[in-house]
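Please read the structure below before turning to the comments.
Protein chains in written order, with my numbering: chain A, 3 to 183; chain B, 129 to 492.
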């Protein structure tokens, strides 16, 4: 098993922490894991992305030139990363703010309206775990019980009171993701 | 403790954990991206409450390296960390530490330069780390970790070598290794050395107070009599020769039957290990020689590969071509040696390195 994933969007969407939850979940499942962020001024309002690799073997390069899966959360990232999904790979995107939808026909495309759903629930902070839930529905690379442990481990103790809502958001994300093609 | 402690951590965070667990006595630093998590993690862990390790934010990098000088002069295991521009500010101190033969650990989590440059990863400080940086004929012991686990392991290795040879050691990492998270197994906590141990081990040089039964220890790099200064220099050179003979560390990946060898260190070596996988999948006999010690450099190992008939070497570095000079010296004209690099904080990808290898060496 090897999953090379890019999560890309705006700073503040929880891109890096979504990757972190997945990385911790991978550790719980005894996978080798790398989490390689973009860092620095990109975090403040501009684009933010993180490459997460989960593998049952030693991971050579933490930097990839193509991805099994891309989770795309803004238009800039769509331009940059849609072409870098491996043929036969998966692209997941939030439709909010996307002016040019994915065009490739040699990959599986899924949409998740997590921004809209979180706005309806008045819970913007659950955005990234909802997206993660959608991803895990499509790509069940880690067991759900390990995800829940990974979620707890990646959050500081003061945020543990939010665990039940986040767990629910992960489940709900799995329900609302839909296949485009 | 039966269960191994497996954690998920950033390279910078693990430096802090490893230092405490090694029994480090003091850290003196000044924040700079992309290495600020080193001191941030130390401040969170509060080792002064557990092991008694001192953690101090100095007013500048010039101060922190001179605090390291002071701590090291007493035989304590002390360290600092910074990123490229901060290391430049420490250059004078590094030369003084080498001249006074003081053991210490310095971590450089490199970013792109020159000048303030960028905060993204780079390997543009190879010359500075390996060839000097400060003035005079001296060397640092330079280690190049390629994973978060090696960031951890090189803290102990760096201190051990520094004390074995009474010479400053540097971990030459970069923003990619510092910011990346991977699994790491942490070493068990070791006690800090007691004053008695320090007195026994560092009796001939450290300044812990003069006992009646030995002469004064004077820590200095100054000697105005040229005859004596030359003797000091010769002693340093003998030490460097011993380092070159005994302490070269490297990793050879698929080099046994390789027709072409990529030479890369640190984060680039990780990327190039995937290049080797891709090349082998295409039936190309490509290997990777990864120096773990950049000083002392695996000159002999490269010379042996060249003598064995390797058709070409590609030095892949995140700079404009620095280590390639040492590769050329080692290969000594027996095979073509080319460089491939990205600069200014840009990383190359495994396929880009493979394309460069084909373009510069294999197709010729």
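We treat Cβ as the ideally placed atom computed from N, Cα and C, and that holds for glycine.
One question on the structure: do residue i and residue j come within less than 8 Å of each other, judged by their Cβ atoms?
| i | j | result |
| --- | --- | --- |
| residue 138 of chain B | residue 306 of chain B | yes |
| residue 422 of chain B | residue 389 of chain B | no |
| residue 260 of chain B | residue 266 of chain B | yes |
| residue 41 of chain A | residue 74 of chain A | no |
| residue 143 of chain B | residue 279 of chain B | yes |
| residue 19 of chain A | residue 110 of chain A | no |
| residue 211 of chain B | residue 163 of chain B | yes |
| residue 206 of chain B | residue 153 of chain B | yes |
| residue 348 of chain B | residue 228 of chain B | yes |
| residue 271 of chain B | residue 222 of chain B | no |
| residue 114 of chain A | residue 51 of chain A | no |
| residue 140 of chain A | residue 92 of chain A | yes |
| residue 416 of chain B | residue 401 of chain B | yes |
| residue 87 of chain A | residue 69 of chain A | yes |
| residue 151 of chain B | residue 186 of chain B | no |
| residue 334 of chain B | residue 202 of chain B | yes |
| residue 167 of chain B | residue 189 of chain B | no |
| residue 376 of chain B | residue 426 of chain B | yes |
| residue 485 of chain B | residue 442 of chain B | yes |
| residue 231 of chain B | residue 296 of chain B | yes |
Who does residue i pair with in a DSSP beta bridge?
| i | result |
| --- | --- |
| residue 98 of chain A | For residue 98 of chain A, which the question treats as bridged, DSSP gives no partner whatsoever. |
| residue 423 of chain B | B/270 |
| residue 136 of chain B | B/311 |
| residue 390 of chain B | B/416, B/442 |
| residue 4 of chain A | A/57 |
| residue 180 of chain A | A/113 |
Between residue i and residue j, what straight-line distance do the alpha-carbon atoms span, to the nearest angstrom?
| i | j | result |
| --- | --- | --- |
| residue 172 of chain B | residue 438 of chain B | 50 Å |
| residue 237 of chain B | residue 326 of chain B | 30 Å |
| residue 34 of chain A | residue 27 of chain A | 11 Å |
| residue 448 of chain B | residue 257 of chain B | 16 Å |
| residue 342 of chain B | residue 329 of chain B | 14 Å |
| residue 490 of chain B | residue 90 of chain A | 31 Å |
| residue 125 of chain A | residue 136 of chain A | 17 Å |
| residue 473 of chain B | residue 352 of chain B | 43 Å |
| residue 179 of chain A | residue 164 of chain A | 22 Å |
| residue 162 of chain A | residue 154 of chain A | 7 Å |
| residue 175 of chain B | residue 284 of chain B | 17 Å |
| residue 387 of chain B | residue 372 of chain B | 27 Å |
| residue 145 of chain A | residue 24 of chain A | 11 Å |
| residue 22 of chain A | residue 168 of chain A | 14 Å |
| residue 245 of chain B | residue 216 of chain B | 13 Å |
| residue 385 of chain B | residue 446 of chain B | 27 Å |
| residue 527 of chain B | residue 398 of chain B | Absent from the structure is residue 527 of chain B, since the part of chain B shown begins at 129 and ends at 492. |
| residue 141 of chain B | residue 152 of chain A | 19 Å |
| residue 183 of chain B | residue 420 of chain B | 28 Å |
| residue 311 of chain B | residue 61 of chain A | 11 Å |
| residue 331 of chain B | residue 16 of chain A | 54 Å |
| residue 130 of chain B | residue 122 of chain A | With a pLDDT of only 43 at residue 130 of chain B, under the threshold of 50, the placement of this residue in the model should not be trusted, and no figure is reported. |
| residue 99 of chain A | residue 76 of chain A | 6 Å |
| residue 129 of chain A | residue 277 of chain B | 32 Å |
| residue 81 of chain A | residue 476 of chain B | 20 Å |
| residue 29 of chain A | residue 357 of chain B | 55 Å |
| residue 408 of chain B | residue 414 of chain B | 7 Å |
| residue 198 of chain B | residue 158 of chain A | 37 Å |
| residue 365 of chain B | residue 38 of chain A | 41 Å |
| residue 299 of chain B | residue 117 of chain A | 44 Å |
| residue 32 of chain A | residue 148 of chain B | 26 Å |
| residue 395 of chain B | residue 173 of chain A | 37 Å |
| residue 101 of chain A | residue 451 of chain B | 46 Å |
| residue 58 of chain A | residue 5 of chain A | 10 Å |
| residue 457 of chain B | residue 192 of chain B | 35 Å |
May I have a chain-ordered list of the alpha helix (DSSP H) segments no shorter than 4 residues that lie completely inside the stretch 241 to 293 of chain B? 254 to 259, 276 to 293
Length-filtered (4 minimum) alpha helix (DSSP H) runs lying within the stretch 445 to 488 of chain B: 451 to 459, 478 to 485
Run through the stretch 10 to 78 of chain A for me and flag every whole alpha helix (DSSP H) of 4 or more residues, listed as ranges in chain order. 17 to 30
Going along the stretch 24 to 55 of chain A in order, which residues come within less than 8 Å of chain B, judged by CB to CB distance? 25, 26, 29, 34, 35, 36, 37, 38, 39, 41, 42, 43
For the stretch 299 to 324 of chain B, which residues have a CB atom closer than 8 Å to at least one CB atom of chain A, in sequence order? 303, 304, 307, 308, 309, 310, 311
Interface residues of the stretch 86 to 100 of chain A facing chain B [CB-CB below 8 Å]: none
My parser needs the beta strand (DSSP E) runs of 3 or more residues fully inside the stretch 175 to 252 of chain B; what are they? 182 to 185, 206 to 210, 232 to 238
Cβ-based contacts, 9 Å cut-off: residues of the stretch 477 to 490 of chain B near chain A: 477, 478, 479, 480
Continuous beta strand (DSSP E) assignments of at least 3 residues falling wholly in the stretch 347 to 382 of chain B: 378 to 381
Could you list the residues in the stretch 382 to 409 of chain B with a C-beta less than 7 Å from some C-beta on chain A, going in chain order? 398, 399, 401, 402, 405
Quick one: which unbroken beta strand (DSSP E) runs of 3-plus residues sit fully inside the stretch 144 to 182 of chain A? Chain order, please. none
Sequence ranges, alpha helix (DSSP H) only - wholly within the stretch 312 to 336 of chain B, length at least 4: 323 to 329
Give the residues from the stretch 150 to 170 of chain B that approach chain A closer than 8 Å (Cβ to any Cβ), ordered along the chain. 161, 162
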